Structure formats: C-alpha cells, structure tokens
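Peer 1: Numbered per mature numbering (1 follows the signal peptide of the UniProt record, and there is no 0), the sequence shown spans residues -17 to -1, 1 to 307.
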Amino acid sequence: MAMIIAFFALAAAPVLAADVGFEEVKVANGAEPPLTVGIWYPTNAPATPHSLGNFTQTVAPDAAIAGRRLPLVVMSHGGGGWYDGHYDTALALAHAGFVAAAVSHAGDTFDDQSRVLQLWRRPAQLQRLVDYMLDEWRWHGRLDAARVGAFGFSNGGFTVLVAAGGIPDLSKIAPYCEAHPDHDLCEALKHAGVDPHSGADVPASAWVHDPRIRAVVIAAPAFGFAFGRAGLGSVRAPIQLWRAADDRHQPHPYYEEAVRADLPRAPEYHVVANAGHYDFLPPCDARLSRKTPEVCNSQPGFDRAAFHEQFNSDVVQFFEATLR
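1. Classify ARG104 as buried or exposed, calling it buried when 16 or more other Cβ atoms lie within 10 Å of its own Cβ.
2. Smallest Cα separation from PHE136: which of SER59, VAL191, LEU76 and THR92?
3. Taking DSSP as the reference, what is the three-state secondary structure of TYR24?
4. Quick one: grab the DSSP three-state call for ASP91.
5. Could you pull out every residue in the same chain whose Cβ sits closer than 7 Å to the Cβ of ALA209, ignoring the five residues on either side in sequence?
6. Rounded to whole angstroms, what is the Cα-Cα separation between ARG219 and ALA73?
7. Between VAL56 and ALA147, is the Cβ-Cβ spacing less than 8 Å?
8. Helix or strand or just coil, what does DSSP make of HIS260?
9. What is the DSSP secondary structure of LEU100, reduced to helix, strand or coil?
10. Judging by CA-CA distance, which residue of GLN40, GLY214, ARG212 and ARG121 is the nearest neighbour of residue 311?
11. For HIS180, count neighbouring Cβ atoms within 10 angstroms of its own Cβ and tell me buried if that reaches 16, exposed if not.
12. Take GLY61 as the anchor and find which of PRO54, ARG52 and GLY90 has the nearest alpha-carbon.
13. Here's the rule: buried if 16 or more other CB atoms are within 10 angstroms of the residue's CB, otherwise exposed. What is THR305?
14. Decide if SER87 is buried, meaning its Cβ has at least 16 other Cβ atoms within 10 Å, or exposed.
15. Can you grab the Cα-Cα spacing for the pair ALA43 / GLY50, in whole Å?
16. Pair every Cβ in the segment 28 to 39 with every Cβ in the segment 108 to 119, then say whether three or more of these pairs are closer than 8 Å.
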C-alpha cells in the first residue's frame, strides 16, 4: 500500500522543467471572431529572450512540452489589458510545472473597449479557454483535467469569481455611482458615455460558471460590491484574495473587503502595505513608465519588483497546495 501511495504522490507532483515554452494561439469562439490566447508551459528546450508586447520574456517559442498530468491555470486580465498582462506570474507558474493560459477578453482590451460593461461575456470566454486547453490544444493530452485553477486581476478578478460560481447583480452599479460619483469606476463610466443602468436587467442565467475550476487567485476584484452574500453563496473553491492597501482605483471597503466578508468560506487573504491598484501588474521599464506613468509608477518606497517575487511565489504555492 505504501508503494501505491508513493506512486500516486509522485505522479501528481509538479514537473520542474529547465525552461518555459510559449505560444500564441487563436481560439474559435462560435460566431464571434477567434479569441487570442497566450500559453506558457514547461519545456526542456533552451529559452532565449524575446520581445512580446511591452516586455522581454525568456521563453522557447513553440517548443515541445515537458511532463505529463500537468495542472492548468487559466488567467483573466484587467479592464483594458490583454493576455500578456501578468506574464511574470505565468512564467513563475510554468517554471513550477503548471501550464498557464491567458485570454485577451474581446471587447475589453487595450485596443477594443467596445463592450467593457458587458461583463457576462468574460466568464463565457474563460470557459471557452478551458474547453480549448483540455480538448483542442496540441498538448491537451499532457494536462490533468482534474487540476484546473484560475487567476484574475481587477475585471479579471470579477471574471474568475463568476467562473467559480459567483452571481453579481449589476443593478447595484447605478446606486453605487449615485452614492460615490467621484470613484474611479463611476468617473470612467461617465467619461466613456456608458450608462451605469445598462446592466441592470442581466438575468442570473447569463453568468457562466465552470465547475472544472478547483482553486482561484483573485487580485483587486472589480465590482466586488455587486455580489453580496447571496451572490457568493455557491462559491466553494478555495480562494487566495489580494488587496492593495492604497488602492485609490477601487476604494476600500467596497471591493476586496466586500468579497471577503460575503464568501461562504474564508479566503487566504493578503493585504499589501503601501501598494496601489496597478502594483499587481509587472514592473515597467523606463520606456513604459514614461508612456503610462499612471499604471507603472508606484508609491514612494514601494518596490514592485520585490513584491512580485513574493506575490508570484505565494500564487504558485497556493495552487500547488490546492490543485494536488
């Protein structure tokens, strides 16, 4: 019996490959245009620096995958982002033996904000990504369908919370903005000409859940106030929840704290001192800092690079513990 237990423990252990493979794929999405997806995975092929978007990543493009029965983590970016928005976390996961797959959410990316408040589209796109990875990806036979996690930041945090069983009530947005017209969310909606009442009649059936997702990491979830205890009552997966203590984009206690308080099972909760909302994004180089200072610049004394080393380590450890 001891030998049998040892065998299965070994089979479920992560494969620590020498390097990280990467590929960008197009995923068919019904009648809509294909979704663009980035995938990071363990490989034994030599990796070299490559310019991908705004960052340089050390990867082996289109290399062969290493390992079997690999756990999968799907990733959902924040509003106005794209699949590469958390590349350093994806790299850390791949180095630890996970496959990380991130989707660019059509209608809510840096180059297409046409459907930013059609939030029900995002969980459906994430489910399509899980379908693709488990059934269609060229290395899908190397994945363990019983070990699927999800990571999300801001709008992506909202997305993975819905995927894990959450049901938001978007009719809460308008009264929230009436009470807090100076909050970033409400100012952004006004600036974009988006009616905060526009999602008020979204039925609960519009929100797509994915029971294959077994564990969730959420950083600075958008629209946290829209769920409530009833809306989060069906969320059973273990959750690691992160809050930036100096998040002026999503003021406390309406977002992370609202989620933490109403989850039926207490999450692993982290509050990052002196951090702002965008400190959950990777550190920027000098060029990108000049281009987008509002996203790149941290509070004086906050070391984003050092924080991300710890953040990525904690994310990896959480998924290692929950996706056994």
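C-beta: ideal position from N, C-alpha, C; glycine also. Note that the structure is a prediction, hence the values are computed from the model and not measured.
Peer 2: Concretely, from the data shown:
1. For the purposes of this step, residue 104 is taken as the residue at position 121 of the sequence shown. So ARG104 ends up on the buried side.
2. Here the question's residue 136 lines up with position 153 in the sequence shown. When each option's Cα is compared against that of PHE136, the closest is SER59.
3. Counting from one through the sequence shown, the residue named residue 24 turns up at place 41. In the structure shown, TYR24 sits in a strand (DSSP, three-state: E or B).
4. The residue given as residue 91 occupies position 108 in the sequence shown. DSSP places ASP91 in coil when its eight states are reduced to three.
5. Residue mapping note: residue 209 aligns to position 226 of the sequence shown, counting from 1. Closer than 7 Å at the Cβ level, and outside the excluded window around ALA209, lie PRO151, ASP152, LEU153, LYS155 and ILE156.
6. As a first step, residue 219 must be located in the sequence shown, where it is residue number 236. As a first step, residue 73 must be located in the sequence shown, where it is residue number 90. Taking the straight line from one Cα to the other gives about 24 Å.
7. On the sequence shown, residue 56 is found 73 positions in, with the first residue counted as 1. On the sequence shown, residue 147 is found 164 positions in, with the first residue counted as 1. No, the pair does not count as a contact, with Cβ atoms beyond the cut-off.
8. Looking up residue 260 in the sequence shown gives position 277. DSSP places HIS260 in helix when its eight states are reduced to three.
9. Position 117 of the sequence shown, counted from the first residue, corresponds to residue 100. The answer is coil: DSSP assigns LEU100 none of H, G, I, E or B.
10. Outside the displayed span of the chain (-17 to 307) sits residue 311, for which this structure offers no information.
11. If you number the sequence shown from 1, residue 180 lands on position 197. It is exposed - the Cβ of HIS180 has fewer than 16 other Cβ atoms within 10 Å.
12. Looking up residue 61 in the sequence shown gives position 78. That would be GLY90, whose Cα lies nearest to the Cα of GLY61.
13. What you label residue 305 is simply residue 322 of the sequence shown in a count that begins at 1. With 16 or more Cβ atoms within 10 Å of its Cβ, THR305 is classed as buried.
14. If you number the sequence shown from 1, residue 87 lands on position 104. It is buried - the Cβ of SER87 has at least 16 other Cβ atoms within 10 Å.
15. As a position in the sequence shown, residue 43 is number 60, starting the count at 1. As a position in the sequence shown, residue 50 is number 67, starting the count at 1. Approximately 16 Å, taken between the alpha carbons.
16. No, the segment 28 to 39 does not touch the segment 108 to 119.
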